[in-house]
Amino acid sequence: MTTKPNGFSRRALLKWLAGLSAIGALSSLLYRSRRPAATGESPHIISRSEWGAEDPDPSLRDEQGPELFNTVVVHHSALPRTDGPREIQAGHMHGRGFLDIGYHFVIDDRGYIYEGRSLAVHGAHASGHNAGTLGIVLLGNFEETEPTPGQLASLKSLIRYLVGKHPLTHLAGHRDFQPGKTVCPGRNLAARLPRLAAESGLKFGTDGYVGPEPASTTPALTQRVAPASPAPNANTR
Numbered sequence: 004m005t006t007k008p009n010g011f012s013r014r015a016l017l018k019w020l021a022g023l024s025a026i027g028a029l030s031s032l033l034y035r036s037r038r039p040a041a042t043g044e045s046p047h048i049i050s051r052s053e054w055g056a057e058d059p060d061p062s063l064r065d066e067q068g069p070e071l072f073n074t075v076v077v078h079h080s081a082l083p084r085t086d087g088p089r090e091i092q093a094g095h096m097h098g099r100g101f102l103d104i105g106y107h108f109v110i111d112d113r114g115y116i117y118e119g120r121s122l123a124v125h126g127a128h129a130s131g132h133n134a135g136t137l138g139i140v141l142l143g144n145f146e147e148t149e150p151t152p153g154q155l156a157s158l159k160s161l162i163r164y165l166v167g168k169h170p171l172t173h174l175a176g177h178r179d180f181q182p183g184k185t186v187c188p189g190r191n192l193a194a195r196l197p198r199l200a201a202e203s204g205l206k207f208g209t210d211g212y213v214g215p216e217p218a219s220t221t222p223a224l225t226q227r228v229a230p231a232s233p234a235p236n237a238n239t240r
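First residue of the sequence shown: 4, per this note's numbering; consecutive thereafter.
So this is what it looks like as structure tokens:
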């Protein structure tokens with residue numbers, strides 16, 4: 004009786020190779036699921052030209068932004084979800100005297116991310132704390148409703164991307180910088196921020212804020228601020 008060692012060897016070899024392939028695929032999957040998201044991977048960001056932004060008002064001069072961003076400040080728009088970046092920009096420029104939209108990024112209820120104010124200049128989103136803070140606003144009023152899953156996913160993705168691009172150390176809500184003066188970003192979003200900070204490798208709170216450098220001998224470029232102040236506990240800005 005003859006044996007077929009070659010056939011047996013081929014079967015064993017094929018099984019061994021299949022096992023290696025499965026292990027390799029599993030290892031790749033585990034790597035992708037565990038690696039940090041802040042690896043410079045950019046989410047899709049709708050440009051200003053794509054959403055029809057107005058050009059900044061040339062009659063106004065804003066503070067330049069040489070200070071490094073250290074804190075992400077999260078906001079809600081406190082407006083109907085249908086009011087998007089164009090409506091916010093119009094309100095800021097023509098209603099409040101800003102040179103441009105005050106936020107650096109806008110996220111709508113579908114999770115679409117919009118480019119806002121240039122990162123080369125300070126924002127106008129956290130009065131008295133605009134130097135070194137990066138402003139992100141989610142459309143909606145989160146005192147009354149919940150942020151959508153798409154908004155939360157995009158916020159997380161955007162923050163992790165920004166962590167890979169800037170020396171960010173902290174994340175906070177607008178109200179953390181101005182307690183008693185605003186409820187922004189609304190209780191239903193604010194409650195999620197400590198966990199979001201931890202998942203993004205950031206500390207939660209305002210302790211990382213570093214104010215602007217003392218004025219230099221070069222002429223300062225300042226933002227015109229509307230004279231009216233928001234009422235206590237206002238949801239806006």
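Glycine residues also receive a C-beta, built at the ideal position from the N, C-alpha and C atoms. All values reported here derive from a predicted model rather than from experimental measurement.
- Straight-line spacing of the CA atoms in I162 and I116 works out to 11 Å.
- The three-state reading of DSSP puts K184 in coil, since its state is none of H, G, I, E or B.
- The beta carbon of R113 is closer than 6 Å to those of G153 in its chain, skipping five residues each way along the sequence.
- With 16 or more neighbouring CB atoms inside 10 Å of its own CB, E118 falls in the buried class.
- For E118, the enclosing beta strand (DSSP E) covers residues 116-118.
- A distance below 6 Å between beta-carbons, with the five flanking residues on each side excluded, links P88 to the following residues of its chain, in chain order: W54, V109, Y117.
- In the same chain as D210, and ignoring 5 residues on each side of it, the C-beta atoms closer than 7 Å to its own belong to H173, in chain order.
- Sequence-distant Cβ neighbours of P197 in its own chain, meaning closer than 8 Å and more than five residues away, are F207.
- In the assembly as shown, T85 is an exposed residue. Its beta-carbon has fewer than 16 other beta-carbons within 10 Å.
- Under the DSSP assignment, V75 falls outside any alpha helix (DSSP H), being part of the beta strand (DSSP E) whose first and last residues are 74-79.
- K206 sits in a strand when the DSSP states are folded into three classes.
- By the C-beta criterion, the region 170-189 is judged to be in contact with the region 139-157, since at least 3 inter-stretch pairs fall below 8 Å.
- Bridge partners of I139 according to DSSP: V77, F108.
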